[in-house]
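Notes follow once the structure below has been shown.
Protein chains: 2
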Amino acid sequence: MEELKKRVCRWIESQEQSAVTLLQQVVQERSIQGEEASAQAIILEKCRQLGLAIDLWEPSKKLMESHPHFFTVRNHFKNSPNIVALLKGCGNGKSIILNGHIDVVPEGDLEQWEHDPYKAEIEDGKVYGRGTTDMKGGNIAMLMAIEAIKENDIKLKGDIIFQSVIEEESGGAGTLAAILRGYKADGAIIPEPTNMKIFTKQQGSMWFRLKVKGKAAHGGTKYEGVSAIEKSITVIEQLKQLEKIRNDRIKDPLYKNTPIPIPINVGKISGGTWPSSVADLVILEGRCGIAPNEDILEAKKEVEKFLNTLGETDGWFKENPVDLEWFGARWLPNEMSSDHELVTLLKKEYKALQGEEAVIEASPWGTDGGLLSKAGGVPTVVFGPGETKVAHFPNEYIEIKKMIDTAKIMACLLIEWCGAVD
Amino acid sequence: MEELKKRVCRWIESQEQSAVTLLQQVVQERSIQGEEASAQAIILEKCRQLGLAIDLWEPSKKLMESHPHFFTVRNHFKNSPNIVALLKGCGNGKSIILNGHIDVVPEGDLEQWEHDPYKAEIEDGKVYGRGTTDMKGGNIAMLMAIEAIKENDIKLKGDIIFQSVIEEESGGAGTLAAILRGYKADGAIIPEPTNMKIFTKQQGSMWFRLKVKGKAAHGGTKYEGVSAIEKSITVIEQLKQLEKIRNDRIKDPLYKNTPIPIPINVGKISGGTWPSSVADLVILEGRCGIAPNEDILEAKKEVEKFLNTLGETDGWFKENPVDLEWFGARWLPNEMSSDHELVTLLKKEYKALQGEEAVIEASPWGTDGGLLSKAGGVPTVVFGPGETKVAHFPNEYIEIKKMIDTAKIMACLLIEWCGAVD
Chain E
1 MEELKKRVCR
11 WIESQEQSAV
21 TLLQQVVQER
31 SIQGEEASAQ
41 AIILEKCRQL
51 GLAIDLWEPS
61 KKLMESHPHF
71 FTVRNHFKNS
81 PNIVALLKGC
91 GNGKSIILNG
101 HIDVVPEGDL
111 EQWEHDPYKA
121 EIEDGKVYGR
131 GTTDMKGGNI
141 AMLMAIEAIK
151 ENDIKLKGDI
161 IFQSVIEEES
171 GGAGTLAAIL
181 RGYKADGAII
191 PEPTNMKIFT
201 KQQGSMWFRL
211 KVKGKAAHGG
221 TKYEGVSAIE
231 KSITVIEQLK
241 QLEKIRNDRI
251 KDPLYKNTPI
261 PIPINVGKIS
271 GGTWPSSVAD
281 LVILEGRCGI
291 APNEDILEAK
301 KEVEKFLNTL
311 GETDGWFKEN
321 PVDLEWFGAR
331 WLPNEMSSDH
341 ELVTLLKKEY
351 KALQGEEAVI
361 EASPWGTDGG
371 LLSKAGGVPT
381 VVFGPGETKV
391 AHFPNEYIEI
401 KKMIDTAKIM
411 ACLLIEWCGA
421 VD
Chain U
1 MEELKKRVCR
11 WIESQEQSAV
21 TLLQQVVQER
31 SIQGEEASAQ
41 AIILEKCRQL
51 GLAIDLWEPS
61 KKLMESHPHF
71 FTVRNHFKNS
81 PNIVALLKGC
91 GNGKSIILNG
101 HIDVVPEGDL
111 EQWEHDPYKA
121 EIEDGKVYGR
131 GTTDMKGGNI
141 AMLMAIEAIK
151 ENDIKLKGDI
161 IFQSVIEEES
171 GGAGTLAAIL
181 RGYKADGAII
191 PEPTNMKIFT
201 KQQGSMWFRL
211 KVKGKAAHGG
221 TKYEGVSAIE
231 KSITVIEQLK
241 QLEKIRNDRI
251 KDPLYKNTPI
261 PIPINVGKIS
271 GGTWPSSVAD
281 LVILEGRCGI
291 APNEDILEAK
301 KEVEKFLNTL
311 GETDGWFKEN
321 PVDLEWFGAR
331 WLPNEMSSDH
341 ELVTLLKKEY
351 KALQGEEAVI
361 EASPWGTDGG
371 LLSKAGGVPT
381 VVFGPGETKV
391 AHFPNEYIEI
401 KKMIDTAKIM
411 ACLLIEWCGA
421 VD
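Chains E and U, in that order, are what the protein sequence lines are. The opening position of the first sequence corresponds to residue 1 in UniProt numbering, with each subsequent residue numbered one higher. The opening position of the second sequence corresponds to residue 1 in UniProt numbering, with each subsequent residue numbered one higher.
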């Protein structure tokens, strides 16, 4: 087994140039929401070359829309195909899903980019461009790992189910579609940008919109009205108290260095229409973090209930309760035990190849891992070569060495997890 | 003298129908900002019929723009003429300015009007329409008073300077233009809607815009940022303290029943661009009331200074001071001593005709009286037939009886103030 691992690692090292070329090709396709097809075409062709059994389909909104965890702003997924590519095992081994998203967030202000976000230029061992870190570099690492196994004639017992999905950045409809299509496995890895740390837990989140009411009046006689701006201060203070209560409950040592493991962030405020008038409406929009082990519906109920107590200390809210709406995207949290065999193996392979202990952490953001584990029942760990700090930012890049190292760790892990036929 | 007064009052009563017709004509012209000319044409023709010496001109932005109290959003005043019409006295009498604005605020949502805002329909002794109360009814009362004097062959010693000005609703450029054209008098009356109370003082106001800075971060790690929304709460609390300090100073018995004589109202708030991000900028817009005896520049300085102390309790503001901008319209405050002869006479004539004591009050809003007194040096009192509560609102109206009663009181006052030749 150790001999096999050495062989695949050597092979992966030798293929660095072709891996980088593949990454560049896929980064050069601007696969923002709704425009994923040309990038998927490159992935598809690679899967075909690898001889994988390919399932290519456009997710159906109709099939998903009754699912409690479905969210999208789209009317349809036409021209936005999902890909699942199967390397069938010989049997009697554990199966694994390798899941990565092909969609990227828009590049934003071009002025802030030092490299063209879609040229995939190389400098100092890094490939620059939108989606390099989040998460096309991770996807290429997975494909390299699979290719190494194929090219070195290693027969695995368990199945490898490679998934290149759409929509992760916008609510996860791509992964949900794969779950509902029936893809399951004994475990899953998502190579989102963790900087090669092992993220066994992810904070989930959901967006809320609050309508805080007031009573209009002329500013010169403001005492005749009730300012929705002042009332919204009360609401924000109440949310702060709730944040404290929710975070005080978290005893997980993984969060011991995190000031606020699951923050409630009011990110947007707008209200009032005229400087000389008392505002009669303020709208607050924000994000409520969800703990890895928390049920999203329970979390919603807790927020709702806590906001309803506003009327106990301020009669205004009794007569004029705050309107609460859950809107926009939400990301399910995810947790996997650090004792799970997939994590144990990942740690082992990491140490063997990197020469040091892997760092286990919890992420402050969600991934499709929440869907895989909570909706799909597949224990999921997040481990990838990109860096959180450049995801969604200008000058996004990936270090080529980390992509290669991740591919090696993954290939070794696959051999251990799925089991190799002697 | 008393005989003269009785005569003019009888005459005014007999002219109710023609006064109402004139009011209807002028209300039927929609004299919103920039479209005052057709309403002014009606006023002009009336002044011509009365044999007054007419000065008709379009205010010059150039002549005004260096004036510290000039404000406009307009590029020019073409087709927006001011009218000043003089009834020259024989000499040795006190002069008076009778000032009213011809501009009206837009009618707003038509759905909320029960009468067409520009038909000037009569129902139950009221004329309905935009501008009836604010303040065309008051203007017609002034013209009736002048007409009564002319038609009854009364020769006054002092001059009557009738002014029909533009732009009161948008910063007072019309009245400022008249001041800069040299019109002065020993006193002035503005028949803004006081419901026939005597407003010797008016709250002034000025608009401010505050930019409160934060530091952006992802909502999931909000502790890495600084929320401009939370910082704006601190700023709002600071403004509340300042409001208390400013209002605690006011000992004027006229304000004894007013909870907050000169409020600071934050009427608009907006900030943040994304629910999941920590907001790095919040913009607050509001109105700061100015006391009748206060200097507007001193008030500005006080606000500025107080906001600068934010850094003493919160280091963030030391590094990131709040940006303060005075923008948009401002209305100068006004005060006139209750012992001033113009007020004494007005009270006397009010009591003689209404059979009860006049109510003296301070208004929570400014008028062109601030400009007349502070920029023009003319002691000004506000007294008119309209009702504050319907000004700027749908279903604005004026009671015909109050317009007629006001005309009578004004005519008697003019006889007393300017002095009649035997």
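Note that the Cβ used here is the ideal one computed from N, Cα and C, for glycine as well. Computed from a predicted structure; not experimentally measured.
Check	Outcome
Which residue from U/73, U/165, U/324 puts its Cα closest to that of residue 138 of chain U?	U/165
What would DSSP say about residue 273 of chain E, mapped onto helix, strand or coil?	coil
In the DSSP assignment, find the unbroken alpha helix (DSSP H) run with residue 308 of chain U in it and report its ends.	296-308
For a contact defined as C-beta to C-beta under 9 Å, what are the partners of residue 273 of chain E on chain U?	267, 268
If contact means a Cβ-Cβ distance below 8 Å, which residues of the segment 324-353 of chain E contact chain U?	328
May I ask you to report which of helix, strand or coil DSSP gives residue 249 of chain U?	coil
Establish whether the CB of residue 230 of chain U and some CB of chain E are separated by less than 9 Å.	yes
Nearest-angstrom Cα distance between residue 220 of chain U and residue 221 of chain E?	41 Å
In angstroms, rounded to a whole number, what distance separates the CA positions of residue 339 of chain U and residue 250 of chain U?	19 Å
With a cut-off of 8 Å on the beta carbons, I'd call residue 316 of chain E and residue 226 of chain E a contact; round off their distance for me.	6 Å
Within 10 angstroms of its Cβ, does residue 212 of chain U collect 16 or more other Cβ (buried), or is it exposed?	buried
Between which residues of its own chain and residue 24 of chain E is the CB-CB distance below 7 Å, once the five residues before and five after are set aside?	120, 127
Can you tell me which of the three DSSP states residue 90 of chain E falls into?	coil
What in chain E is Cβ-close to residue 259 of chain U, meaning under 8 Å?	223
How about residue 88 of chain E and residue 134 of chain E: are their beta carbons less than 9 Å apart?	no
Pick helix, strand or coil for residue 134 of chain U, following the three-state DSSP scheme.	helix
Please list the terminal residues of the continuous alpha helix (DSSP H) segment that includes residue 350 of chain E.	341-354
Is there a Cβ from chain U that is less than 9 Å from the Cβ of residue 69 of chain E?	no
Report yes or no: is there a C-beta of chain U within less than 9 Å of the C-beta of residue 279 of chain E?	yes
Cβ atoms of residue 78 of chain U and residue 415 of chain U: under 9 Å apart, would you say?	no
May I ask you to check if the CB of residue 155 of chain U is nearer than 8 Å to at least one heavy atom of the ligand FAD?	This structure lacks the ligand FAD; in fact it carries no ligand of any kind.
Since residue 243 of chain E and residue 268 of chain E should fall inside the 8 Å C-beta cutoff, what is the C-beta to C-beta distance between them, to a whole number of angstroms?	Wrong, their Cβ atoms sit about 17 Å apart, outside the cutoff.
Exposed or buried, residue 156 of chain E, counting other C-beta atoms within 10 Å across all chains shown (16 or more means buried)?	buried
Can you tell me whether DSSP reads residue 165 of chain E as helix, strand or coil?	strand
Can you tell me where the beta strand (DSSP E) holding residue 206 of chain E begins and where it ends?	204-213
From the DSSP secondary-structure annotation, give me the bridge partner or partners of residue 55 of chain E.	E/84
Give me the chain E residues within the contact set of residue 365 of chain U, using Cβ-Cβ distance strictly less than 8 Å, ordered along the chain.	218, 220
Mind checking which residues open and close the alpha helix (DSSP H) that includes residue 173 of chain E?	173-180
Specify the secondary structure class of residue 323 of chain U as computed by DSSP and reduced to three states.	strand
Taking DSSP as the reference, what is the three-state secondary structure of residue 387 of chain E?	coil
Look at the alpha carbon of residue 44 of chain E and the alpha carbon of residue 132 of chain E, and state the distance between them as a whole number of angstroms.	18 Å
Whose CA, out of U/99, U/252, U/214, U/104, lies closest to the CA of residue 390 of chain U?	U/104
Helix, strand or coil: how does DSSP classify residue 98 of chain E here?	strand
Identify which residue in U/42, U/35, U/136 has its Cα closest to the Cα of residue 385 of chain U.	U/136
For the beta strand (DSSP E) containing residue 290 of chain E, list its first residue and its last residue.	281-290
What is the C-beta distance between residue 205 of chain U and residue 288 of chain U, in whole angstroms, given that I count them as a contact (C-beta under 8 Å)?	6 Å
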